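Structure first, commentary second.
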Amino acid sequence: MTQGPSGQPSEVAVEPATQPAVVFVHRDEYHDRIAQLKAEGYEMCADLCAVDYLSHPGRRLPEGVVGERFEVVVNLLSLSMRRRVRVRVQVPEDDPRLPTIFDLYPGSEAMEREAYDMVGIVFTGHPDLTRILMPEDWEGHPLRKDYGVGRVPVQFKEAPGPR
Amino acid sequence: MSAERPVPRPWSPAETSEGRQELTPAPSALDRSLASVLRIPEGAVEAGLIDVEREDETMIINMGPQHPSTHGVLRLMLQLEGETVLRTKPVVGYLHTGMEKTAEELTYVQGPTNVTRMDYLSPLHNELVFSLATEALLGVEVPPRAVWIRMLMCELNRVSSHLMWLATNGMDLGSTSMMIYGFRERELVLGFFEKTTGLRMNHNYIRPGGVAADLPDGWEDDVDVICNTVLERTYEYDELLTGQPIFRERTEGVGSLSAEVAVALSATGPILRSTGVPWDLRRAMPYLAYDQVDFDVIVGTYGDNFDRYSIRLNEIRESIRIIRQVVEKMPPGDYRVQDAKVTPPPRRRIDESMEALIHHFKVFTEGFRVPEGEVYVAVESPRGELGCYLVSDGTSKPYRCHIRGPSFVNLQTLPAMLRGGLIADAVAVISSVDPVMGEVDR
Numbered sequence: 001m002t003q004g005p006s007g008q009p010s011e012v013a014v015e016p017a018t019q020p021a022v023v024f025v026h027r028d029e030y031h032d033r034i035a036q037l038k039a040e041g042y043e044m045c046a047d048l049c050a051v052d053y054l055s056h057p058g059r060r061l062p063e064g065v066v067g068e069r070f071e072v073v074v075n076l077l078s079l080s081m082r083r084r085v086r087v088r089v090q091v092p093e094d095d096p097r098l099p100t101i102f103d104l105y106p107g108s109e110a111m112e113r114e115a116y117d118m119v120g121i122v123f124t125g126h127p128d129l130t131r132i133l134m135p136e137d138w139e140g141h142p143l144r145k146d147y148g149v150g151r152v153p154v155q156f157k158e159a160p161g162p163r
Numbered sequence: 001m002s003a004e005r006p007v008p009r010p011w012s013p014a015e016t017s018e019g020r021q022e023l024t025p026a027p028s029a030l031d032r033s034l035a036s037v038l039r040i041p042e043g044a045v046e047a048g049l050i051d052v053e054r055e056d057e058t059m060i061i062n063m064g065p066q067h068p069s070t071h072g073v074l075r076l077m078l079q080l081e082g083e084t085v086l087r088t089k090p091v092v093g094y095l096h097t098g099m100e101k102t103a104e105e106l107t108y109v110q111g112p113t114n115v116t117r118m119d120y121l122s123p124l125h126n127e128l129v130f131s132l133a134t135e136a137l138l139g140v141e142v143p144p145r146a147v148w149i150r151m152l153m154c155e156l157n158r159v160s161s162h163l164m165w166l167a168t169n170g171m172d173l174g175s176t177s178m179m180i181y182g183f184r185e186r187e188l189v190l191g192f193f194e195k196t197t198g199l200r201m202n203h204n205y206i207r208p209g210g211v212a213a214d215l216p217d218g219w220e221d222d223v224d225v226i227c228n229t230v231l232e233r234t235y236e237y238d239e240l241l242t243g244q245p246i247f248r249e250r251t252e253g254v255g256s257l258s259a260e261v262a263v264a265l266s267a268t269g270p271i272l273r274s275t276g277v278p279w280d281l282r283r284a285m286p287y288l289a290y291d292q293v294d295f296d297v298i299v300g301t302y303g304d305n306f307d308r309y310s311i312r313l314n315e316i317r318e319s320i321r322i323i324r325q326v327v328e329k330m331p332p333g334d335y336r337v338q339d340a341k342v343t344p345p346p347r348r349r350i351d352e353s354m355e356a357l358i359h360h361f362k363v364f365t366e367g368f369r370v371p372e373g374e375v376y377v378a379v380e381s382p383r384g385e386l387g388c389y390l391v392s393d394g395t396s397k398p399y400r401c402h403i404r405g406p407s408f409v410n411l412q413t414l415p416a417m418l419r420g421g422l423i424a425d426a427v428a429v430i431s432s433v434d435p436v437m438g439e440v441d442r
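Protein chains in written order, with this note's numbering: chain A, 1 to 163; chain B, 1 to 442.
This is the structure in structure tokens:
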């Protein structure tokens, strides 16, 4: 194996996979903290998803973190250090907004759109925040816990609807 | 020949932004009704209803969702200047079936039947990542034989998935013989899967706590036949494709990606490795027993279609190398954890023991309870990092089950790969990303 163009080490030593560190961040410091982690060597945003804690309010959280209804979980990955870190941000129900991290990790584009589509988190500054999985004119966010499964009529064209 | 291949140009992160991805200004209501007609009536043009001047030299082409080369229901909006692709917008969601929502309604015992249908070309990896996440929350240790059976099955699955990719990629480039050969060899692996799990696809074989059944009698011979046949045939593929001038012309330097772009766009798997980054979770963050087997991580240089082809072809050979070591080292013992709270008792025990009957009933009706917590587990699927973020609230059903599908994320590299290329190469580039729409849309 040769040295890759990006300068990553080409031969890899085996390290035991440990559970990654979890970082709780306040919403106001979210973007800065992610930028700081990127500067520390976490090159890749592996995953971003949102969780609705409506029906599980008493979850375990560390001292000083006030649990809100929504939580956005960002999994960052460092290829050079072979390490992961998980950033958890609380997002309140009455103002579900969060700054985008697209400017730091362009790969988060589709993931943020998915979180918006499924849970309804609005990422301010995202270049194209539209629905990605559901139809454009869909109402509601399916992965919210108060989204009525089975109460949505199956939509056929031309068929007389229940409305 | 390879020295002439263009090296990807330098790049800055701002370039990956495709901007607001409405490719043209929204037309007025009148324009839209006219544009939906394939042949615009000449009278409309003369009457000045369509502003012909406004359309500059570019053209928007809509490809899919029913295009035969999109590997499912992927839709691409391409902005073309002549035959050159300027911008691309992948539109997904046509296969969205709400599997993450469904997972919240199923117990952890039923969970694998759901997630296995996501990436239908590597179902065992989906089951594996869900089972690993559940076991991490439960804190159970899986017996060694179950670990090695999982490795054997997952590597066979990687072989069958890459064979399927070779077949479809060959077909997209007009090599129908490769298509027939790829399917023929995949059939061998699927036959073994059917013998072991009872099903050719969507096995529900890897479950929390171990695997569903032990390997069948004589499995070593079956696996040996698969290894020998497939390995021999990969050299035939070499003759058919690798050295063939038409194939090389159509793949070398096409769809190039630099390492910086691939990392910034969170690409993983063969796409990331083709750019020269030696990142394979089996090596970098070993799970199962991958730290006890010997294999190479295949890395490319140019990040083009040909690199992605050779990486996948050589990964078949590496997987066969791993499979042979697994056959040698397969330990005896239990194939699932002997914890009555997690594993249902064997059928014969139910007739003898009241305790067994109760456990059987509890596991299959209510399911087992999983301690409160959240965990992210990732494995290397044939397409890249397959992750599972699992949140438990202490009941027998996941509170939230998020699957990080590698194809979903990898599709974001498509605009970067297609930019500046020819429309005729678009089909080959889509194919080289290897998207599985069942996993993209979930």
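Think of the CB as a built atom: it goes at the ideal place given N, C-alpha and C, for glycine as much as any other residue. Keep in mind that this is a model prediction, so the values were computed, not measured.
Item checked: Cβ neighbours of Ser78(A) in the same chain (closer than 7 angstroms, five flanking residues each side left out) -> Working through the first sequence from its first residue, we reach residue 78(A) at position 78. When the five nearest sequence neighbours on each side are left out, the beta carbons in the same chain lying within less than 7 angstroms of the beta carbon of Ser78(A) are those of Gly41, Tyr42 and Glu43, in order along the chain.
Note to self: Just list the residues that DSSP pairs Gly373(B) with in beta bridges.
What the structure shows: Numbered from 1 along the second sequence, position 373 holds the residue referred to as residue 373(B). Its beta-bridge partners are Ser392(B).
Next item on the list: For Gly210(B), I'd like the list of residues in its chain whose CB is within less than 6 angstroms of its CB, leaving aside the five on either flank, ordered along the chain.
Entry: Translated into positions along the second sequence, residue 210(B) becomes position 210. Result list for Gly210(B): Val142, Ala146, Tyr335, Arg336 and Val337, in chain order.
Item checked: Beta carbon proximity, Met135(A) to chain B, threshold 9 angstroms -> Stepping through the first sequence from its first residue, residue 135(A) is reached at position 135. Correcting the residue identity first, residue 135(A) is Pro in this sequence and not Met. So, interface residue.
Notebook entry, point to check: Are any of the Cβ atoms in chain B nearer than 9 angstroms to that of His56(A)?
Noted result: Numbered from its first residue, the first sequence carries residue 56(A) at position 56. Taking 9 angstroms as the CB threshold, His56(A) lines the interface with chain B.
Next item on the list: Count the CB pairs spanning the region 69-84 of chain A and the region 234-247 of chain B that are closer than 8 angstroms, and state whether there are at least three.
Entry: Fewer than three pairs of CB atoms, one per stretch, sit closer than 8 angstroms, so the region 69-84 of chain A makes no contact with the region 234-247 of chain B.
Next item on the list: Name, in chain order, the residues that DSSP records as bridge partners for Thr84(B).
Entry: Position 84 of the second sequence, counting from 1, holds the residue named residue 84(B). DSSP lists Glu81(B) and Leu422(B) as partners of Thr84(B).
Checklist line | contact_flag[the region 146-161 of chain B, the region 308-328 of chain B] where n(CB pairs < 8 angstroms) is 3 or more | finding: With a cut-off of 8 angstroms, the region 308-328 of chain B and the region 146-161 of chain B count as touching, because enough Cβ pairs lie within range.
Check: To the nearest angstrom, how far is it from the Cα of Thr113(B) to the Cα of His203(B)?
Finding: The sequence position of residue 113(B) within the second sequence is 113, counting from 1. The sequence position of residue 203(B) within the second sequence is 203, counting from 1. Thr113(B) and His203(B) have their C-alpha atoms roughly 8 angstroms apart.
Next item on the list: Per DSSP, which residues does Ser407(B) bridge with? Please list them.
Entry: Start at 1 with the first residue of the second sequence, and residue 407(B) comes out as number 407. Paired residues: none, contrary to the question.
Margin query: Residues in the same chain with beta-carbon distance under 6 angstroms from Arg308(B), minus the five sequence neighbours each way, listed in chain order, please.
Written below: Locating residue 308(B) in the second sequence gives position 308, where the first residue counts as 1. Take Arg308(B), set aside five residues on each side of it, and the residues of its chain with a beta-carbon closer than 6 angstroms to its own are Pro270, Ser274 and Ser432, in chain order.
Note to self: I'd like to know whether the C-beta of Ile167(A) is nearer than 9 angstroms to at least one C-beta of chain B.
What the structure shows: There is no way to answer for residue 167(A), as the model of chain A reaches only from 1 to 163.
Item checked: Best match in Pro208(B), Thr107(B) and Leu166(B) for proximity to Asp434(B) [C-alpha to C-alpha] -> To locate residue 434(B), count along the second sequence from 1; it is residue 434. Taking only the C-alpha atoms, the option nearest Asp434(B) is Leu166(B).
Item checked: Cα-Cα separation, Pro96(A) to Lys101(B) -> Numbered from its first residue, the first sequence carries residue 96(A) at position 96. Numbered from its first residue, the second sequence carries residue 101(B) at position 101. Rounded to whole angstroms, Pro96(A) and Lys101(B) show a C-alpha spacing of 20 angstroms.
Note to self: Beta-carbon within less than 8 angstroms of Ser175(B)'s beta-carbon, same chain only, minus the 5 sequence neighbours each way: which residues are those?
What the structure shows: As a working mapping, residue 175(B) is identified with position 175 in the second sequence. Once the five neighbours on either side are set aside, the close Cβ partners of Ser175(B) are Leu240, Leu241 and Phe247.
Check: Which residues in chain B sit within 7 angstroms of Val85(A), going by Cβ to Cβ distance?
Finding: By 1-based counting over the first sequence, the position of residue 85(A) is 85. Within 7 angstroms Cβ-Cβ: nothing; Val85(A) doesn't reach chain B, min ~10 angstroms.
Next item on the list: Identify the contact partners of Val66(A) in chain B, using a Cβ-Cβ distance below 8 angstroms as the criterion.
Entry: Mapped onto the first sequence, residue 66(A) falls at position 66. Near Val66(A) there are no residues of chain B at all, since even the closest Cβ is about 18 angstroms away, more than 8 angstroms.
Item checked: Residue(s) in a DSSP beta bridge with Gly384(B) -> The residue labelled residue 384(B) in the question sits at position 384 within the second sequence. In the DSSP output, where bridge partners are listed per residue, Gly384(B) has Ser381(B).
Check: In chain order, which continuous runs of the beta strand (DSSP E) of length 3 or greater are located wholly inside the region 74-139 of chain A?
Finding: Whole beta strand (DSSP E) segments, 3+ residues: 83-91, 97-99 and 122-124.
Check: Is the Cβ-Cβ distance between Val189(B) and Leu215(B) less than 9 angstroms?
Finding: Within the second sequence, residue 189(B) is the residue found at index 189, counting from 1. Within the second sequence, residue 215(B) is the residue found at index 215, counting from 1. Not closer than 9 angstroms, so no.
Note to self: Quick check on Asp393(B) - is its C-beta less than 9 angstroms from some C-beta in chain A?
What the structure shows: Taking the second sequence and counting its residues from 1, one reaches residue 393(B) at position 393. Yes, its Cβ sits closer than 9 angstroms to a Cβ of chain A.
Notebook entry, point to check: Leaving out the 5 sequence neighbours to the left and right, which residues in its chain are closer than 6 angstroms to Ser319(B) when beta-carbon positions are compared?
Noted result: By one-based count along the second sequence, residue 319(B) stands at place 319. Taken in chain order, the residues that qualify are Glu155, Arg158 and Val159.
Check: Which residues in the same chain as Arg131(A) place their Cβ atom closer than 8 angstroms to its Cβ, once the five residues preceding and following it in sequence are excluded?
Finding: Taking the first residue of the first sequence as 1, we reach residue 131(A) at position 131. For Arg131(A), where only same-chain residues beyond five positions count, the Cβ hits under 8 angstroms are Arg113, Tyr116, Asp117 and Trp138.
Next item on the list: Say whether chain A places a C-beta atom closer than 9 angstroms to the C-beta of Leu422(B).
Entry: To locate residue 422(B), count along the second sequence from 1; it is residue 422. At a cut-off of 9 angstroms between beta-carbon atoms, Leu422(B) makes no contact with chain A.
Notebook entry, point to check: Candidates Leu76(B), Leu231(B) and Thr197(B): which alpha carbon is nearest Trp219(B)'s?
Noted result: Along the second sequence, read from residue 1 onward, the residue named residue 219(B) stands at position 219. The shortest Cα separation from Trp219(B) among Leu76(B), Leu231(B) and Thr197(B) belongs to Thr197(B).
Check: Along chain A, in chain order, which residues have C-beta atoms closer than 7 angstroms to that of Leu265(B)?
Finding: In the second sequence, residue 265(B) corresponds to position 265, counting from 1. For Leu265(B), the residues of chain A that pass the 7 angstroms Cβ criterion are Pro106 and Gly107, in the order they occur in the chain.
Item checked: Near-chain A residues of the region 127-161 of chain B - C-beta to any C-beta below 7 angstroms -> So nothing in the stretch comes that close.
Check: Along the region 401-418 of chain B, what residues have a CB closer than 8 angstroms to any CB found in chain A?
Finding: Of all residues in the region 401-418 of chain B, His402, Arg404, Phe408, Val409, Leu411 and Gln412 have a Cβ within less than 8 angstroms of some Cβ in chain A.
Next item on the list: With 7 angstroms as the limit, tell me which residues of the region 79-95 of chain B have their beta carbon closer than that to any beta carbon of chain A; keep them in chain order.
Entry: Here the close residues are Val92 and Gly93.
Margin query: For the region 117-144 of chain A, list every residue whose C-beta sits within 9 angstroms of some C-beta in chain B, in sequence order.
Written below: Correct list: Asp117, Met118, Pro127, Asp128, Thr130, Arg131, Ile132, Leu133, Met134, Pro135, Pro142 and Leu143.
Item checked: Cβ of Gly98(B) within 9 angstroms of any chain A Cβ -> If you number the second sequence from 1, residue 98(B) lands on position 98. True, the Cβ-Cβ gap to chain A drops below 9 angstroms.
Notebook entry, point to check: Does the pairing of the region 223-233 of chain B with the region 343-362 of chain B give three or more beta-carbon distances under 8 angstroms?
Noted result: The region 223-233 of chain B, when compared against the region 343-362 of chain B, does not touch it at the 8 angstroms Cβ threshold.
Notebook entry, point to check: Taking three-plus beta-carbon pairs below 8 angstroms as touching, is the region 390-400 of chain B in contact with the region 133-142 of chain B?
Noted result: By the Cβ criterion, the region 390-400 of chain B is in contact with the region 133-142 of chain B, since at least three pairs of Cβ atoms, one from each stretch, lie closer than 8 angstroms.
Checklist line | Supposed close pair Pro57(A), Phe24(A) - CB separation, criterion 8 angstroms | finding: Your numbering for residue 57(A) matches position 57 in the first sequence. Your numbering for residue 24(A) matches position 24 in the first sequence. Actually they do not touch by this definition, with Cβ atoms about 17 angstroms apart.
Checklist line | Endpoints, the beta strand (DSSP E) within which Thr58(B) is located | finding: Counted from its first residue, the second sequence places residue 58(B) at position 58. Note, Thr58(B): beta strand (DSSP E), Thr58 to Met63.
Notebook entry, point to check: Of all the alpha helix (DSSP H) runs that stay within the bounds of the region 132-197 of chain B, which reach a length of 4 or more residues?
Noted result: Taken in chain order, the unbroken stretches of alpha helix (DSSP H) that lie wholly in the region 132-197 of chain B and span 4 residues or more are 144-172 and 176-197.
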